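Its first residue numbered 8, the sequence shown is counted upward by one per residue in my numbering. For every residue, glycine included, the Cβ atom is placed at its ideal position computed from N, Cα and C. Values in this document were obtained by computation on a predicted structure and should not be read as measured data. Written out below as structure tokens is the structure these notes cover.
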Amino acid sequence: MRPLRFLVPGTGPRFRCGGLQVELQSARLCEGLVPAVELVTYRQRQPDHPFLSDLLQAEPAPGQALWIVSWGFDVPKLLRRLRGRPLAYHAHSSGYGFALPPGVPVLAVSRNTLGYWGDRAPRSPLQLVPNALDPAFTAGPDQRRPIDVLLQVRKSSAYLLQELVPALRARGLRVELQSGWVEDLAALFRSATVYLYDSADYWRSVGVTEGFGLPPLEALASGCVLFSSFNHALADSLDPGVMGWQLGCGSLEQDLGQITAAVARPDLFLPEPGRLATLLVGHSEMAVRQRWRS
Numbered sequence: 008m009r010p011l012r013f014l015v016p017g018t019g020p021r022f023r024c025g026g027l028q029v030e031l032q033s034a035r036l037c038e039g040l041v042p043a044v045e046l047v048t049y050r051q052r053q054p055d056h057p058f059l060s061d062l063l064q065a066e067p068a069p070g071q072a073l074w075i076v077s078w079g080f081d082v083p084k085l086l087r088r089l090r091g092r093p094l095a096y097h098a099h100s101s102g103y104g105f106a107l108p109p110g111v112p113v114l115a116v117s118r119n120t121l122g123y124w125g126d127r128a129p130r131s132p133l134q135l136v137p138n139a140l141d142p143a144f145t146a147g148p149d150q151r152r153p154i155d156v157l158l159q160v161r162k163s164s165a166y167l168l169q170e171l172v173p174a175l176r177a178r179g180l181r182v183e184l185q186s187g188w189v190e191d192l193a194a195l196f197r198s199a200t201v202y203l204y205d206s207a208d209y210w211r212s213v214g215v216t217e218g219f220g221l222p223p224l225e226a227l228a229s230g231c232v233l234f235s236s237f238n239h240a241l242a243d244s245l246d247p248g249v250m251g252w253q254l255g256c257g258s259l260e261q262d263l264g265q266i267t268a269a270v271a272r273p274d275l276f277l278p279e280p281g282r283l284a285t286l287l288v289g290h291s292e293m294a295v296r297q298r299w300r301s
């Protein structure tokens with residue numbers, strides 16, 4: 008088997024995002040499955056990781072390693088730089104508009120992305136390799152949660168931030184808006200009764216898709232009631248009225264009523280435990296590691 012090299016622009020604070028976390032986690036899950044796993048940076052030189060330009064200069068093509076590219080808008084340029092070398096595309100969001108050279112394998116993180124590349128690159132080898140849930144995301148002990156409603160500012164719609172949140176606060180609910188980097192996101196999720204996620208407008212504005220939608224799964228695993236949009240890959244795992252509840256499909260008053268009721272009686276809005284467990288097992292690190300193995 009070939010060594011693996013996961014390409015990321017850098018690992019410092021300016022590159023922190025869900026996509027980076029997925030690549031870091033994927034590299035960790037692949038350790039022990041192949042002779043060697045490396046993180047390679049290509050924008051920012053870092054003392055703890057090799058730099059792409061240095062490796063390309065030192066190693067004639069094709070080389071021994073299998074290169075994993077993933078960073079959406081950078082993919083076409085990386086494919087050109089890696090021409091003649093073994094590589095695979097770890098596909099998160101779709102809709103960037105580029106075409107893949109014939110035969111480049113696609114490792115899709117969701118069925119939504121898999122279907123996109125099944126249409127755009129039907130002769131490329133395709134594999135479904137979902138993102139893994141960090142084991143830290145668990146419901147924890149059954150206790151009062153101090154945050155009634157939690158949402159993350161990034162990707163949230165104007166409807167959430169400008170209409171729904173003020174109305175929820177006017178009803179006396181404690182609403183927490185998380186922005187910036189949080190070191191212990193799992194603990195924050197366990198502190199909330201309801202989690203809101205409405206990303207359809209955001210992804211429409213940037214012109215690409217919700218590639219996976221990890222925060223809603225993290226919220227469900229943490230014992231939150233989920234109110235969400237169902238765009239793109241969110242529809243892979245979220246069944247309206249079963250795993251989560253749809254936001255913004257009626258009136259503001261309807262959303263207010265449902266969310267207030269869920270805060271008061273979350274047990275009436277949480278998914279059936281068996282169905283939730285089945286969903287989460289499929290995204291466990293053990294299950295995803297097996298996907299990488301195969």
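> What are the boundary residues of the beta strand (DSSP E) that valine 44 is part of?
Replying inline: 44-48
>> Using the Cβ count rule (16 or more neighbours within 10 Å means buried), how would you classify aspartate 126?
In response: exposed
> In terms of residue numbering, what span does the beta strand (DSSP E) encompassing tyrosine 202 cover?
Replying inline: 199-204
>> Could you give the first and the last residue of the continuous alpha helix (DSSP H) run that contains aspartate 292?
In response: What sits at residue 292 in the sequence shown is glutamate, not aspartate. First-last of the alpha helix (DSSP H) with glutamate 292: 292-300.
>> Applying the 10 Å Cβ sphere with the 16-neighbour rule, what's the burial state of arginine 211?
In response: exposed
> Is DSSP giving glutamate 38 helix, strand or coil here?
Replying inline: strand
> DSSP three-state call for valine 29: helix, strand or coil?
Replying inline: In the three-state reduction of the DSSP assignment, valine 29 falls in the helix class.
> Just checking my contact of valine 47 with phenylalanine 13 at CB under 8 Å: how many whole Å lie between their CB atoms?
Replying inline: 7 Å
> Hey, how far is the Cα of arginine 272 from the Cα of glutamine 32?
Replying inline: 35 Å
>> As a quick exercise: from Ala139, Pro278 and Gln71, pick the residue whose alpha carbon is nearest that of glycine 26.
In response: Ala139
> Looking at the structure shown, is glutamine 53 part of a helix, part of a strand, or coil, going by DSSP?
Replying inline: strand
> Who are the Cβ neighbours of proline 132 in its own chain at under 6 Å, not counting the five residues just before and after it?
Replying inline: Cβ within range, chain order: Pro112.
> To the nearest angstrom, how far is it from the Cα of glycine 110 to the Cα of alanine 128?
Replying inline: 9 Å
> What whole-angstrom Cβ distance do arginine 181 and aspartate 155 have, given they're in contact under 8 Å?
Replying inline: Confirmed, about 5 Å.
>> For glutamine 265 and glutamate 170, what's the separation of their Cα atoms in angstroms?
In response: 15 Å
> Just to check, is the beta-carbon of phenylalanine 58 closer than 8 Å to a non-hydrogen atom of the ligand FAD?
Replying inline: With respect to small molecules bound, the structure shown includes none, and the ligand FAD cannot be examined in it.
> Given that a residue counts as buried once 16 or more other Cβ atoms are within 10 Å of its Cβ, and exposed if not, what is glutamate 30?
Replying inline: buried
>> What residue range does the alpha helix (DSSP H) around serine 368 cover?
In response: One cannot answer for residue 368 here, as it falls past the ends of the chain, which runs 8 to 301.
> Which residues does DSSP pair with phenylalanine 234 in a beta bridge?
Replying inline: Leu203 and Trp252
> Hey, which unbroken runs of the beta strand (DSSP E) at 3 residues or more fall wholly within the stretch 85-171?
Replying inline: 94-98, 113-115, 133-135 and 154-159
>> Let me check one thing: in DSSP terms, what residues is valine 76 bridge-paired to?
In response: Tyr96
> Measuring CA to CA, which of Asp246, Phe219 and Tyr204 is closest to alanine 135?
Replying inline: Here residue 135 is leucine; the residue named in the question, alanine, does not match the sequence. Residue Phe219 is the option with its Cα nearest to leucine 135.
>> Applying the 10 Å Cβ sphere with the 16-neighbour rule, what's the burial state of lysine 304?
In response: One cannot answer for residue 304 here, as it falls past the ends of the chain, which runs 8 to 301.
>> With a threshold of 6 Å on Cβ separation, who are the neighbours of threonine 145 within its own chain once the five nearest residues in sequence on each side are excluded?
In response: Excluding positions up to five away in sequence, the list is empty.
> According to DSSP, which residues form a beta bridge with valine 15?
Replying inline: Thr48
> Under the rule that 16 or more other beta-carbon atoms within 10 Å means buried, what is glutamate 225, buried or exposed?
Replying inline: buried
> In angstroms, rounded to a whole number, what distance separates the CA positions of lysine 162 and methionine 250?
Replying inline: 21 Å
> Looking only at its own chain, which residues have a Cβ that is under 6 Å from the Cβ of glutamine 253, when we skip the five neighbours before and after it?
Replying inline: Counting only Cβ-Cβ distances below 6 Å, and skipping sequence neighbours, we find Pro247.
> Roughly how many angstroms separate the alpha carbons of arginine 35 and proline 222, rounded to a whole number?
Replying inline: 20 Å
> For chain B, is any of its Cβ atoms less than 9 Å away from the one on arginine 211?
Replying inline: The structure shown has no chain B; it contains just one protein chain.
> Under three-state DSSP, which class holds phenylalanine 276?
Replying inline: coil
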